[in-house]
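Working notes, structure below.
2 protein chains.
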Amino acid sequence: MWEIDKKSKQPIYRQISDQLREKIMKGEYTPGSVLPTERKLAEQIGVNRSTVVHAYDELTSIGLIERKRGSGTKVSTQKWGISPAGSTNWKAYVDSGSFLPPHPLIQKIHELSHNKSLWNLAGGELGPDLFPDSLLKPQYEKILGAEELFEDEDPQGYRPLRETISHHMKEVYHVDTTADSIMITSGAQQAIYLMTQCLLSPGDAIAIEAPSYYYSLPLFQSAGLRIFALPIDEEGINPEDVKVLYQKHRIKLVFLNPIFQNPTSVSLSEDRKKELVDLCASLSIPIVEDNPFSLLSYDEESGSLMKSKDQTGNVLYLGSLSKTVGSNIRIGWLIAPKTVIQRLMDARNQMDFGLSIFPQLVADHFMSSGKYQEHVDRLVAELKDRRDRAIEILERDFKDYVTFQTPHGGLYIWLRLKTPIQDSKLLHQAANHGVIIMPGSVLGSSEGYIRLTFARLAKDELEAALEALRQTFHSLIK
Amino acid sequence: MWEIDKKSKQPIYRQISDQLREKIMKGEYTPGSVLPTERKLAEQIGVNRSTVVHAYDELTSIGLIERKRGSGTKVSTQKWGISPAGSTNWKAYVDSGSFLPPHPLIQKIHELSHNKSLWNLAGGELGPDLFPDSLLKPQYEKILGAEELFEDEDPQGYRPLRETISHHMKEVYHVDTTADSIMITSGAQQAIYLMTQCLLSPGDAIAIEAPSYYYSLPLFQSAGLRIFALPIDEEGINPEDVKVLYQKHRIKLVFLNPIFQNPTSVSLSEDRKKELVDLCASLSIPIVEDNPFSLLSYDEESGSLMKSKDQTGNVLYLGSLSKTVGSNIRIGWLIAPKTVIQRLMDARNQMDFGLSIFPQLVADHFMSSGKYQEHVDRLVAELKDRRDRAIEILERDFKDYVTFQTPHGGLYIWLRLKTPIQDSKLLHQAANHGVIIMPGSVLGSSEGYIRLTFARLAKDELEAALEALRQTFHSLIK
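As they're listed, the protein sequences go chains A and B. In terms of full-length UniProt numbering, the first sequence is residues 1 to 478. In terms of full-length UniProt numbering, the second sequence is residues 1 to 478.
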């Protein structure tokens with residue numbers, strides 16, 4: 001029997017869900033038993049079908065009942081009424097969040113990466129052998145006393161580090177900035193996350209390079225953003241495309257990795273940088289200039305920053321130690337107007353109260369002592385060698401399979417397959433031959449591309465890994 | 001002239017906004033000039049007023065026009081069409097995020113905290129003089145080699161630290177857990193943030209203690225949660241209240257700080273802990289047991305954990321070094337079912353790729369070497385002294401003004417004012433007398449309460465600070 005009081009202050013769906021809950025608890029409906037269809041129950045009680053749907057939805061959301069296509073609505077078998085000491089239906093809880101899972105091929109690559117017997121040409125990072133030993137000898141006690149260190153938590157980041165970075169930006173890039181315009185973040189990634197949360201709303205449009213490593217991150221999709229692609233040619237993206245996207249879709253932010261772009265290793269030409277900075281200033285839309293690679297230049301100067309051409313504060317600059325030291329240190333920095341930094345700081349304060357002091361101390365000591373520059377010099381020499389070896393092998397053994405441009409910096413070679421192969425098949429087959437590769441489609445390209453990281457393996461390992469890749473192609477392409 | 005094509009695929013509001021934009025660019029409407037009212041323009045074009053509202057909204061959102069009550073709609077003076085090298089309207093950007101600003105009194109207290117000449121009885125942390133010197137001598141190079149360290153980034157947290165914490169939980173709390181059930185977070189705060197993002201949806205109901213330090217965090221409101229209060233008596237919250245809130249509001253999660261609660265320093269009684277664990281298991285709703293204080297026990301054993309009574313994995317446990325070492329280190333941990341940890345890891349991976357290795361190494365070395373326990377022993381002795389001194393002074397000099405219970409642990413004394421004073425007035429007047437206090441309303445109580453932190457000041461400083469507080473009361477209460 002159902003007792004529905006249509007004059008009650010309690011909504012009718014709630015009365016239904018309450019009574020149904022009671023029936024389940026009393027055992028009137030047992031675990032696994034089928035409940036009436038929505039239509040039937042609506043008729044029985046004398047309410048709209050949508051009211052019953054609402055009541056069922058509520059009980060579903062707390063995991064008390066389950067609805068399956070084809071087999072109707074059932075009392076959950078994992079729930080209260082069944083075992084007096086029940087456990088939370090965690091599945092119902094974890095399904096309710098807003099974060100999307102990563103791309104299935106990324107998950108596959110991640111799984112494969114645990115297998116240390118496979119050569120890894122897929123990872124985006126430096127190999128662990130390139131990590132600077134000197135980072136492990138910070139000896140804080142010689143730098144600072146405990147009290148001095150723990151006197152002030154600074155939500156913007158450890159001030160001496162911000163000053164060090166400000167000098168670094170001036171010396172290396174001719175960018176004038178101050179410690180007040182710099183926020184230290186947990187890698188550049190955290191800055192990107194904070195920007196999506198603080199400067200953009202669901203439904204907003206943004207533009208990113210295609211292909212781009214941003215495609216491998218579900219973070220823009222998780223934030224409900226509409227993503228528009230800026231194709232890359234040999235001079236990088238075309239400013240004209242940004243204009244068109246603004247006119248058509250009112251893009252609110254342009255995310256770019258203009259120097260030695262991940263994955264193409266293409267750099268935006270100087271003319272286009274200038275054009276783009278002016279265009280975005282005139283449209284009053286900000287550019288995020290994400291620059292993890294510019295110190296890794298092997299043949300020539302790596303070119304100027306858009307930030308150095310920025311007169312209006314329109315360019316939000318992202319720096320990072322992830323690609324020159326290691327991402328495990330998790331130090332990035334954002335240069336932005338004070339309003340933006342204030343907002344991002346407030347948000348981060350809610351998320352985690354800010355960064356640990358330890359990686360900031362390590363980074364400050366490393367960067368201000370000159371050890372960072374020494375390390376980068378050694379790193380560049382080693383990476384140039386690895387690139388040269390990889391190119392040599394590709395030119396010698398891969399003529400039938402791929403075309404590519406020699407990268408002048410960064411960590412990647414972008415291979416175009418002469419005969420496209422389905423990505424999941426390629427990944428699978430490569431693993432069978434002992435090598436992990438990153439299919440381009442994960443990074444937003446069409447099928448038939450591979451991002452090859454030459455930075456993770458020593459030269460002799462590279463040779464073995466590329467031989468395994470050659471055999472993979474040989475087995476797939478007749 | 002307006003050219004509206006009602007048969008076009010482009011929505012009419014978009015046609016209007018496009019043409020208006022063009023008029024502004026061409027100078028037909030100049031910066032600062034007043035645009036027609038919505039009603040007038042709608043008549044002129046022959047469309048619904050709501051269509052014009054939509055078009056104006058869009059141009060407002062990109063900062064091209066501004067709408068003010070009373071003075072109508074104007075062309076922005078800061079925008080494109082005005083200066084060819086314009087700057088982004090950052091205000092429009094930062095207003096669009098989902099994070100709420102902190103409570104105004106919190107902001108005020110934060111500002112006052114920069115003034116080092118004021119005695120700070122408001123901060124929730126230990127004083128910097130209590131920070132262990134030994135933490136500054138980690139000497140990583142003696143523990144590990146660089147390669148070993150940087151071989152694997154672990155999104156769940158540095159595994160040796162998770163093992164150390166698993167031992168700690170067993171030895172100190174008799175909780176059986178494994179490294180696999182532990183996730184290292186950037187303080188307990190990050191775990192709370194991740195739970196609001198991953199386990200809850202906007203509109204969901206949760207229950208928290210009242211008063212509670214959670215009220216000082218805008219994070220639940222930012223996540224769009226409905227918050228229900230669980231009043232505290234001398235035995236903590238009443239399980240019966242949880243049941244009622246579940247029945248009335250379908251609360252989905254209970255956040256508790258059951259031992260030496262912030263700010264009341266009350267501990268949940270053993271009977272109620274048991275009752276609550278059983279109740280929440282039977283309702284299948286999880287309890288978050290947030291436990292930063294239990295090691296800071298001055299008179300007796302601090303009591304058992306709800307987690308130690310949890311048979312079903314229903315209790316999500318939060319540990320932290322923030323209140324026993326310092327929050328600048330930013331190490332917290334969550335013990336939870338694998339499903340939950342997996343989801344939270346995925347989400348954090350999108351936010352910042354996880355924690356820096358450095359604070360984790362520091363924490364592991366500190367906790368596994370026995371130095372943590374030595375430090376806690378010294379800390380407890382010192383804090384007990386500070387508490388005793390504070391209580392002595394309060395009993396001697398504050399009889400006319402406040403009542404309180406002596407806390408048996410934690411960092412706070414919860415004062416009830418015999419004559420309530422308006423909180424902002426109290427804060428202001430206290431600052432004039434040289435002392436910063438935390439009004440209870442910030443923590444969700446009614447006016448007339450203060451949370452007094454005895455852990456930030458040395459004994460002689462405490463004396464001076466309390467004398468300043470006494471004078472404040474004297475000046476306000478006749």
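Cβ atoms here follow ideal geometry from the backbone N, Cα and C, with glycine treated the same way. None of these values were measured; they are calculated from a predicted model.
Neighbour-count burial assignment, residue i, 16 or more Cβ in a 10 Å radius
{"i": "residue 351 of chain B", "result": "buried"}
{"i": "residue 359 of chain A", "result": "buried"}
{"i": "residue 264 of chain A", "result": "buried"}
{"i": "residue 180 of chain A", "result": "exposed"}
{"i": "residue 17 of chain B", "result": "buried"}
{"i": "residue 290 of chain A", "result": "buried"}
{"i": "residue 252 of chain B", "result": "buried"}
{"i": "residue 115 of chain B", "result": "exposed"}
{"i": "residue 120 of chain B", "result": "buried"}
{"i": "residue 38 of chain B", "result": "buried"}
{"i": "residue 410 of chain B", "result": "buried"}
CB contact check: residue i to chain B, cutoff 8 Å
{"i": "residue 356 of chain A", "result": "yes"}
{"i": "residue 197 of chain A", "result": "yes"}
{"i": "residue 109 of chain A", "result": "no"}
{"i": "residue 203 of chain A", "result": "no"}
{"i": "residue 240 of chain A", "result": "no"}
{"i": "residue 13 of chain A", "result": "no"}
{"i": "residue 340 of chain A", "result": "yes"}
{"i": "residue 193 of chain A", "result": "yes"}
{"i": "residue 250 of chain A", "result": "yes"}
{"i": "residue 153 of chain A", "result": "yes"}
{"i": "residue 212 of chain A", "result": "no"}
{"i": "residue 353 of chain A", "result": "yes"}
Close beta carbons around residue i, own chain, < 6 Å, minus the five adjacent residues each side
{"i": "residue 448 of chain A", "result": "417, 420"}
{"i": "residue 364 of chain B", "result": "160, 161, 164"}
{"i": "residue 333 of chain B", "result": "165, 182, 184, 319"}
{"i": "residue 472 of chain B", "result": "429, 430, 433"}
Residue-level contact to chain A via CB, residue i, 8 Å cutoff
{"i": "residue 347 of chain B", "result": "yes"}
{"i": "residue 91 of chain B", "result": "yes"}
{"i": "residue 362 of chain B", "result": "yes"}
{"i": "residue 94 of chain B", "result": "yes"}
{"i": "residue 104 of chain B", "result": "no"}
{"i": "residue 475 of chain B", "result": "no"}
{"i": "residue 350 of chain B", "result": "yes"}
{"i": "residue 409 of chain B", "result": "no"}
{"i": "residue 222 of chain B", "result": "yes"}
Sub-8 Å separation of residue i and residue j beta-carbons
{"i": "residue 451 of chain A", "j": "residue 443 of chain A", "result": "yes"}
{"i": "residue 292 of chain A", "j": "residue 323 of chain A", "result": "yes"}
{"i": "residue 124 of chain A", "j": "residue 339 of chain A", "result": "no"}
{"i": "residue 218 of chain B", "j": "residue 100 of chain B", "result": "yes"}
Chain-order list of residues whose beta-carbon lies under 7 Å from that of residue i (same chain, five-residue window excluded)
{"i": "residue 303 of chain B", "result": "259, 267, 270"}
{"i": "residue 299 of chain A", "result": "408"}
{"i": "residue 12 of chain B", "result": "4, 6, 47, 51"}
{"i": "residue 398 of chain A", "result": "470"}
{"i": "residue 387 of chain B", "result": "298, 407, 454"}
{"i": "residue 401 of chain A", "result": "417, 418, 473, 477"}
Cα-Cα separation, residue i to residue j
{"i": "residue 423 of chain B", "j": "residue 371 of chain A", "result": "52 Å"}
{"i": "residue 465 of chain A", "j": "residue 394 of chain A", "result": "12 Å"}
{"i": "residue 195 of chain B", "j": "residue 186 of chain A", "result": "19 Å"}
{"i": "residue 468 of chain A", "j": "residue 337 of chain B", "result": "40 Å"}
{"i": "residue 57 of chain B", "j": "residue 199 of chain A", "result": "17 Å"}
{"i": "residue 212 of chain B", "j": "residue 14 of chain A", "result": "30 Å"}
{"i": "residue 29 of chain A", "j": "residue 204 of chain B", "result": "27 Å"}
{"i": "residue 356 of chain A", "j": "residue 132 of chain B", "result": "16 Å"}
{"i": "residue 353 of chain B", "j": "residue 383 of chain B", "result": "37 Å"}
{"i": "residue 250 of chain B", "j": "residue 379 of chain A", "result": "57 Å"}
{"i": "residue 157 of chain A", "j": "residue 426 of chain A", "result": "44 Å"}
Same chain, Cβ closer than 8 Å to residue i, five either side skipped, listed in chain order
{"i": "residue 210 of chain B", "result": "229, 230, 231, 232, 444, 445"}
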